Structures are given as structure tokens and as C-alpha cells.
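Shown next, in C-alpha cells, is the structure this report addresses.
Numbering (this note's numbering), first residue to last: 2 to 430.
Right, here's the structure in full:
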């Protein structure tokens, strides 16, 4: 219960902060609506929607009313600053009422041809905002699979994908799809982004280009601009194949449309996302699509049906040992009888972020000890280099007492329950 209250309170505080920012912008602008005001209201609406999904009874009804109020305020702004867009919204809502039994856009039915969901803020293809496409193309990440500890089965699975990506002529003959699609799921700090970047490094050695965007970057845009980014991203993937497309925090841009009271702009963005994905799927080009999320239950089912789910675990003993060795082996020698294996054995509930915080704490304590024990910085450096100063088990334990791992039970339970339900639904289908 305490965890629920804390989560709700954190979202409520952030939502109120976004709404205050929107009000401040409105006041500073002489009470004239603006694009900037709308962006903060969108963020507030997303948080209200999340709180509605977390709640039951009267609390859920309250949050749903707040979502409706924010949706209306966003519409009123769009009506003033972009009348043409507002007209499209009205037309879409009218179609929604007359076409409740229409096909889902992701299935290739009549709504997909227009690329718009009913009652949504439809993306416009001409004029206005132009995405900074050149920023989406990334240099090869510096780390490869050789730098990823543990995850043996996952690395082998991804190596098979790399090998498969070089067999396009054979796949053409066998009439096999060239698109590979993965959703990496797992709690924060388990190393999803790190192994995805290592995967990209390996593919770029095979002449793949690498496009990468975070969901939060896309969501920071004004109504209609986020859809343009998504549409353009998939267009660029098609033009630059072979390539990798990586979207982090994908739950933010492909929200589950079956959830009640989903903000209208979020439903529109999901539709644009599914339409763009269908584009690269139908192109039959060598593209590797990767999404990463901590919250697969918030992703639209139409998307989940199209990808291979990859559960990324917390670092095992070997991975933690490798991580500690990487952080300390070249800088602080260990005392006799104390090993990296010992460090790994007493941090079994730690993720990579917990390990990083612990390492930083240990180094700060070691720095203090060094400056107390030696007269100068030069002597302290020499003590590290010649082994006069060593990291002790006692210092490690003191640091660990003051650097506890983050609680993970709730999100692990939610992921386990979702994965079990998802697999059961597949078996029943």
C-alpha cells in the first residue's frame, strides 16, 4: 500500500507541476494559448492517464474526469493556434461515431489508409515542423558483445540474428521476411540499453546504419509533431536499409489503445507508430527494429503481436563479478583474501545501477582514506600503483551499508504476472 501511495503522490506532484508550468506560460503570454502551454498539458494528461490505470473506484473516476478536462483544454488551444488541425480533429471524432465497427488501423483495414485513429490529432504531412533527422543517426557504440558479461543465451540469440541478416538471397528464395523485430523488456537497471547498443555495434560491423530515439524525446513535441517524427523515422529506416531502428521507452509512443480514457493525442501517436511499423514490415528490406520498455503492459497489443519479446534478467553472479572487476582492476588493488567473486556474492539483489552507485561510494571512501593516510596526492597515487593501498573487505562492507539496492519486488512481480498472462493468451489463441 505504501508503494502505491508513494507512486500516486509522485505522479500527482509532477502532474501539478506541469499544470502550473502551463498556467505560468499562459499568464506570461498575455492569456493567449501557445504551443508551449499545450506541451505541458500533454505531459499532465499522460500522468493523469497513468494514475487512472493504477486506481480503482472513485479514485479512477476522478482521474478519468481530470483526463477529460485536460483533453478539452488541449483541444481549445489547438482550435486557436491551429484551426486547420482542429477541423481535422472534429472530422475524426465524427468518423469515430459513425464507424465504431471499423477495422483496427494496425490490421491494414480502412482506417490505416488514412493513417489516423478516430478522435485523434491527425498527423499532417506538409509544412510546419521538420524533424532533425541527422541527429537520429548514431555512431557505432564503443562496446560490443565482448564487453557484455553474462546473458549468454541472449547473446547467442542475437548472434544468430546477425548471421541470419547476411543471408538475404537465401531468404528471398525461401520467401522469408527480412525484418527482425524485438522488444527488450525488464526492470530498470538490468542492462537493456547496454546490450542493445552492443548488438548495434555488431550489426554496424556488417554495414548496418543505426537510428536511435528515446520515447521521451518524441513525446516532448507538440500535438501532431510527434506523429511526424514517428512517420519520418520509419521512412528513413526504409531509405537507409540495411539499418537498425532502436526506440527506447517505447511504451510512451505506442500506448495500449484498449485502456479506458487514453489521451487522444496518445491514441493518435500509437496509430502513427503502427502504420510506420507496417510500412517497414511490408517493404521487405533488411531492417532490425528494437524497442525497449520497463512496462510492456502499457504497450498496444497490436504491436506486441508483431515482435519477439526478449526478457533481460538482472545481472547474475558472473556478470556482477565482471562489472566489479571492470571498475576496480586497473585502479585499486584488493587486499589478500578478498576477491571480485566475494563482491558479487554479497550483491545478489543489485542491478547495474545499484553496482554503479556502490562503486562510486567505495571510490569516494577510498579517496578520503588515501588523503588521510598520505601527505600528498602524488604519494597517494604511488600507493595505488605499487599496491601499498588496497581495497579492504571492511571498506566494501561499510560502503554497502550506506548504499542499499533499490527496491525491485513490485516491478519484478508486475513483469512476471504480465509475462505469464501474455504467454497464456498466446497459448489460448
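Where a beta carbon is used, it is the ideal one built from N, C-alpha and C, also for glycine. Small disclaimer: the values here were computed from a predicted structure and weren't measured.
Between residue 45 and residue 20, the C-beta spacing is below 9 angstroms. DSSP assignment within the stretch 215-249 yields the following whole alpha helix (DSSP H) runs of 4 residues or more, N-terminal first: 216-220, 226-240. Judged by DSSP in its simplified three-state form, residue 181 adopts strand.
Where residue 293 is concerned, the enclosing beta strand (DSSP E) starts and stops at 288-294. Uninterrupted beta strand (DSSP E) stretches at least 3 residues long and entirely within the stretch 143-196 occur at 181-186, given in chain order.
Distance check between residue 333 and each of 393, 83, 202, 200 places 393 closest, using alpha-carbon atoms only. Sixteen is the threshold: since fewer than 16 other Cβ atoms of the shown chains lie within 10 Å of the Cβ of residue 177, the residue is exposed. With fewer than three CB-CB distances shorter than 8 angstroms, the stretch 251-264 does not count as touching the stretch 142-153. The continuous beta strand (DSSP E) containing residue 310 extends over residues 309-312. Residue burial is scored here from C-beta neighbours: residue 205 has at least 16 other C-beta atoms within 10 angstroms and is therefore classed as buried. Excluding five sequence positions before and after residue 47, the CB atoms of its chain that fall closer than 7 angstroms to its own CB belong to 264, 267, given in chain order. DSSP places residue 398 within a helical segment (H, G or I) once states are collapsed to three. Checking the DSSP bridge columns, you'll see residue 213 partnered with 247. For residue 335, the beta-bridge partners assigned by DSSP are 392.
Sorting 172, 233, 220, 164 by C-alpha distance to the C-alpha of residue 207 places 164 at the top.
The straight-line gap separating the alpha-carbon atoms of residue 311 and residue 415 is approximately 16 angstroms. In this structure the stretch 365-372 does not touch the stretch 315-326; the number of beta carbon pairs closer than 8 angstroms is below three. C-alpha of residue 324 to C-alpha of residue 356: approximately 8 angstroms in a straight line. Contact fails between the stretch 21-33 and the stretch 186-205, because fewer than three Cβ pairs, one in each stretch, are under 8 angstroms apart.
Assignment of beta-bridge partners to residue 300 by DSSP yields 256.
DSSP places residue 377 in no alpha helix (DSSP H); its state is neither H nor E. The beta carbon of residue 65 is closer than 6 angstroms to those of 53, 262 in its chain, skipping five residues each way along the sequence.
In the three-state reduction of the DSSP assignment, residue 138 falls in the strand class. Comparing alpha-carbon positions, the option among 31, 41, 405, 196 lying closest to residue 314 turns out to be 196. Under the DSSP assignment, residue 351 falls outside any alpha helix (DSSP H); it carries neither an H nor an E label. Where residue 275 is concerned, the enclosing alpha helix (DSSP H) starts and stops at 265-284.
By the neighbour-count definition (other C-beta atoms within 10 Å, threshold 16), residue 386 is an exposed residue. Rounded to the nearest angstrom, the gap between the Cα atoms of residue 220 and residue 250 is 10 angstroms.
Across the structure, residue 5 and residue 185 are spaced so that their CA atoms are roughly 26 angstroms apart.
Looking at the backbone, the Cα of residue 59 and that of residue 9 are separated by about 14 angstroms. Sequence-distant partners of residue 353 (beyond 5 residues in either direction) whose C-beta falls short of 8 angstroms from its own C-beta, in its chain, are 190, 191, 192, 195, 316, 324.
A Cβ-Cβ distance of about 7 angstroms is found for the pair residue 278 and residue 235, placing them in contact under the 8 angstroms criterion.
Residue 383 and residue 389 have their C-alpha atoms some 8 angstroms from each other. Ranked by how close their Cα comes to the Cα of residue 181, the residues 413, 36, 285, 157 have 285 in first place.
Look at the stretch 18-51 and you find no whole run of alpha helix (DSSP H) that is 4 residues long or longer. Sorting 361, 346, 422, 150 by C-alpha distance to the C-alpha of residue 297 places 422 at the top.
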